[in-house]
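*Asks:*
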Amino acid sequence: MSERAAGSIYDLGYRRYSGARLGRRHAVVALYVHGLRAAFGLGRRTRSKIFPISLAIIAAIPAIVQIAIASIVNTDDLEVFEAEEYYSYVQIVLALFAAAVAPELLGRDQRHQTLSLYFSRALSRYDYALSRFAAMATALLALTLLPQALLFFGNALAVDEFGGYFRREWDQIGPIILSGLLVSLFIAAIATTIAAQTPRRAFATIGIVVPFILLAPIAALLVETLDGARAGIFVSPFHVMNGFTFWFFNFFNATPDAGGNLAQADFHGSLYAIVALAVTAIGVALLLRRYERLSS
Amino acid sequence: MALVETQALTKRYPGVVALDALDITIDSGIIGLVGANGAGKSTLIKILLGLLPATSGTAQVLTFDVATDGPDLRQFVGYMPEHDCLPPDISATEFVAHLAQVSGLPRSAARERTAETLRHVGLFEERYRDMGGYSTGMKQRVKLAQALVHDPQLIFLDEPTNGLDPAGRLEMLDLVQRTGREFGIAILMASHLLGEIERVCDSLVVIDGGRLVRSGAVAEFTADLGSLEVEVEGDAGRLVALLTERGFEARGEGRLAQIALEGAEPYDAIRDCIVELDMGLVRLEQRRQSLEDLFRPGAAEESDEPEPANV
Chain S
-7 MSERAAGSIY DLGYRRYSGA RLGRRHAVVA LYVHGLRAAF GLGRRTRSKI FPISLAIIAA
53 IPAIVQIAIA SIVNTDDLEV FEAEEYYSYV QIVLALFAAA VAPELLGRDQ RHQTLSLYFS
113 RALSRYDYAL SRFAAMATAL LALTLLPQAL LFFGNALAVD EFGGYFRREW DQIGPIILSG
173 LLVSLFIAAI ATTIAAQTPR RAFATIGIVV PFILLAPIAA LLVETLDGAR AGIFVSPFHV
233 MNGFTFWFFN FFNATPDAGG NLAQADFHGS LYAIVALAVT AIGVALLLRR YERLSS
Chain D
11 MALVETQALT KRYPGVVALD ALDITIDSGI IGLVGANGAG KSTLIKILLG LLPATSGTAQ
71 VLTFDVATDG PDLRQFVGYM PEHDCLPPDI SATEFVAHLA QVSGLPRSAA RERTAETLRH
131 VGLFEERYRD MGGYSTGMKQ RVKLAQALVH DPQLIFLDEP TNGLDPAGRL EMLDLVQRTG
191 REFGIAILMA SHLLGEIERV CDSLVVIDGG RLVRSGAVAE FTADLGSLEV EVEGDAGRLV
251 ALLTERGFEA RGEGRLAQIA LEGAEPYDAI RDCIVELDMG LVRLEQRRQS LEDLFRPGAA
311 EESDEPEPAN V
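As given, the protein sequences belong to chains S and D, one line each in that order.
-7 is the number of the first residue of the first sequence in this note's numbering; add one for each residue after it.
11 is the number of the first residue of the second sequence in this note's numbering; add one for each residue after it.
(1) Between S/Ala211, S/Leu132, S/Arg159, which lies nearest to S/Ala51 when the distance is taken from Cα to Cα?
(2) How is the beta strand (DSSP E) around D/Gln17 delimited, first residue to last?
(3) So D/Ile165 is in the beta strand (DSSP E); what residue range does that whole segment cover?
(4) Keeping to the same chain, check which residues put their C-beta closer than 6 angstroms to that of S/Glu(-5); ignore five residues upstream and five downstream.
(5) What's the C-alpha gap between S/Ser0 and S/Ile205?
(6) Between the alpha carbons of S/Ser123 and D/Asp161, how many angstroms are there, rounded?
(7) At a CB-CB cut-off below 7 angstroms, which residues of chain A make contact with S/Gln105?
(8) Between S/Gly11 and chain D, is there a C-beta pair that is closer than 9 angstroms?
(9) Mind listing which residues of the segment 101 to 126 of chain S have their C-beta closer than 7 angstroms to chain D's C-betas, in chain order?
(10) State the Cα-Cα distance for the pair S/Ser228 and S/Ala257, rounded to the nearest angstrom.
(11) So S/Ala121 and S/Leu279 are in contact, right, with Cβ under 8 angstroms, and what is the actual spacing, rounded?
(12) Determine, using beta carbons only, whether S/Arg(-4) comes closer than 9 angstroms to chain D.
(13) For S/Ser287 and D/Tyr23, I'd like the C-alpha separation in whole angstroms.
(14) Output the boundary residues of the alpha helix (DSSP H) element that contains D/Leu32.
(15) Give me the chain D residues within the contact set of S/Leu23, using Cβ-Cβ distance strictly less than 9 angstroms, ordered along the chain.
(16) Kindly indicate the opening and closing residues of the alpha helix (DSSP H) around D/Ser201.
(17) When you compare only the Cα positions, how much space is there between S/Ala208 and S/Arg37?
(18) For D/Ala28, which residues of its own chain have a beta-carbon under 8 angstroms away from its beta-carbon, when the five flanking residues on both sides are left out?
(19) Straight-line CA distance for D/Gly290 to D/Asp278?
(20) For S/Gly172, count the other beta carbons within 10 Å of its own beta carbon; 16 or more makes it buried, fewer makes it exposed. Which is it?
(21) According to DSSP, D/Leu222 sits in a beta bridge with which residue or residues?
(22) Is the beta carbon of S/Ala196 less than 9 angstroms from the beta carbon of S/Ala62?
(23) Does S/Ala181 pass the burial test, meaning 16 or more other C-beta atoms within 10 Å, or should it be called exposed?
(24) Measuring straight from C-alpha to C-alpha, what distance separates D/Pro316 and D/Asn47?
(25) Taking only beta carbons into account, state which residues of the segment 53 to 67 of chain D come closer than 9 angstroms to chain S, listed in chain order.
(26) By a C-beta neighbour count over all protein chains shown, 10 Å radius and 16 as the cutoff for buried, is S/Asp101 buried or exposed?
(27) How far does the alpha helix (DSSP H) with S/Thr136 in it reach, from first residue to last?
(28) Report yes or no: is there a C-beta of chain D within less than 9 angstroms of the C-beta of S/Tyr6?
(29) I'd like to know whether the C-beta atoms of S/Met233 and S/Ala183 end up nearer to each other than 9 angstroms.
(30) Which same chain residues, not among the five before or five after D/Leu158, have their C-beta less than 8 angstroms away from its C-beta?
(31) Taking 8 angstroms as the limit between beta carbons, can you name the residues of its chain near D/Arg73, skipping five residues before and five after?
(32) What is the DSSP secondary structure of D/Glu92, counted as helix, strand or coil?
(33) Are there three or more Cβ pairs, one per stretch, closer than 8 angstroms when the segment 200 to 207 of chain D is compared with the segment 38 to 47 of chain D?
(34) Where does the unbroken beta strand (DSSP E) through D/Ile40 begin, and where does it stop?
(35) If contacts are defined as beta-carbon pairs under 8 angstroms, then S/Leu138 and S/Val85 qualify, I think. What distance do you get, rounded to the angstrom?
(36) Closest Cβ-Cβ distance between S/Ala48 and chain D: below 9 angstroms?
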């Protein structure tokens, strides 16, 4: 402790505060905004920004490539990257992003025992957990909704007449928003629940990446080789995501006419959405339970 | 209005009763919460903050019910935990300002209050550096600052001098005392170091094994004992023997002797005896009961207990 610091405590004023106290809602919003910034390393050192921001850019590359092609070839028939298949191109990027960010949002406060400081403020344990979850889901929107929006408006701008494209394709907007929201919530629920279980960053990251990436080939194997095991497709988050995305983009028509495992498994598209919603709900419930029990 | 009131507050963990039907009332000022490690101090503080649910019984802090009004109550109380709780890769300014907002302060007020509070605890240019490089003393100051930044009416300090060297302890205690006295913020300070409590607090609550042992003003606990304490270079036993021979009531061992202050004044005799025995006189003082005396019979002494405060 410096001499100066020790000597100066005596002569500088502390004043009482009589201004506004905005209470719980303000506290939750402040925590949410802080979490959202932290997800992209904003307000942190450059090192923490590189990974999440790079991944966010990578997730938009298919959209950018499509726009480039469309603007050069100048025809609205040439869709190399289609909206309904977008998440199958970038699913690994989404998983990596969640695996990098969720431990930062949830493990960090456990690692440094900062939770006591949060829990002793104007919010509840549930508020804390939900605000972290919301920050994760919102951060994921930047990798789901944003590229999709880019793709849509890019395509529209690339073709000769903007209005024409818009009139023909406006019905894509619903599926874009719905699928972007559900993909983000679904991944956020899985990632935050896993990340909340451990203060150790490496464990959390591996714990998130493994189910996403490992379960996809297992699901494919089950569906392709075992006749009775087509329900195995639901163990893979990627397959579930693609399942409901196709369903949304096909305007809720029965079986998605997708290729590959989705066609083989031959389930009604709504089942993927139901599974995704159920997993999201269970994930959030487990997250809340974890924070109810965490000692502070 | 009582700051803190509990009624039959009980907290049971599997196999352990942390708080056992505790009834306490705390008014204002700086209150010491005293007890050995494991006496239930931290548990009590956490329940009063609404961080832990009580098994049974009720508690009100600033008239808020801790079990149901947690978020509202916590706008007006601060908490400095015993353990490390600061992330290393962020500056004190940013961290405290963020926490101030989570306490309900608007953004701009949070910034202003952060600057003022960090200054109040004695953190200057360092406050823009990442906290990972801070000394224990600086970290304790930040921990105190985050408890104060939203200008609470009551702060809970759990072992605020933990890990500090003797000089750092005194500075922290001064800071606590100034915060309580000059700004009228009530402070409940848990400590197992009685010397600290005696130095800073107006009143105290003694708990042991989750039960209330006693509560009251510090002055009630530290009455004049009516004896002199003498520290010598050499064997105090010989001094005691000689004084007893001359009609004084004395006892002692090692380097310390206690001489009763009744009847004839013993000062000259003590001087003469020490000269006669050719010993060195280190200290001669009137003895007051220290808080530690309360705990001495049977109570497990903490190994890091400092010397009793010289009064």
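For glycine and all other residues, C-beta sits at the position ideal for the given N, C-alpha and C.
*Replies:* In this structure, then:
(1) With distances taken between Cα atoms, S/Ala51 lies closest to S/Leu132.
(2) Element bounds for D/Gln17: 14 to 23.
(3) 164 to 168
(4) Its pLDDT being 43, under 50, S/Glu(-5) is placed unreliably by the model, and the measurement read from it follows with that caveat. Contacts found: none.
(5) In this prediction, S/Ser0 has a pLDDT of 48, which is less than 50 and means its spatial position is unreliable; what the coordinates show is noted afterwards. When rounded, the distance between both Cα atoms is 57 angstroms.
(6) 25 angstroms
(7) Annotation note: the requested chain A is absent from the structure, which comprises protein chains S and D.
(8) yes
(9) His104, Gln105, Thr106, Ser108, Leu109, Tyr110, Phe111, Ser112, Arg113, Ala114, Leu115, Ser116
(10) 12 angstroms
(11) 5 angstroms
(12) Low confidence applies here, because S/Arg(-4) scores a pLDDT of 46, under 50, leaving its location unreliable and the question unanswered by this model.
(13) Across the structure, S/Ser287 and D/Tyr23 are spaced so that their CA atoms are roughly 13 angstroms apart.
(14) Where D/Leu32 is concerned, there is no enclosing alpha helix (DSSP H), although the beta strand (DSSP E) it sits in stretches over 26 to 32.
(15) His108, Gln111, Val112
(16) First-last for D/Ser201: 196 to 201, but that is the beta strand (DSSP E), not the alpha helix (DSSP H).
(17) 35 angstroms
(18) Lys21, Arg22, Gly50, Thr53, Gly220
(19) C-alpha separation (whole angstroms): 15 angstroms.
(20) buried
(21) Answer is D/Ile217.
(22) Contact: no.
(23) buried
(24) Only weak support is given to the placement of D/Pro316: the predicted model assigns it a pLDDT of 42, under 50, and the value that follows is read from those uncertain coordinates. About 16 angstroms.
(25) Lys56, Leu59, Gly60, Leu61, Leu62
(26) buried
(27) 117 to 150
(28) yes
(29) no
(30) Gly88, Thr127, His130, Val131, Ile165, Thr189, Ile195
(31) What sits at residue 73 of chain D in the sequence shown is Thr, not Arg. Excluding sequence neighbours, D/Thr73 sits near Met11.
(32) coil
(33) With a cut-off of 8 angstroms, the segment 38 to 47 of chain D and the segment 200 to 207 of chain D count as touching, because enough Cβ pairs lie within range.
(34) 40 to 44
(35) At roughly 13 angstroms, the Cβ-Cβ gap does not stay under 8 angstroms, so S/Leu138 and S/Val85 are not in contact.
(36) Residue contact with chain D for S/Ala48: absent (no Cβ-Cβ distance below 9 angstroms to any residue of chain D).
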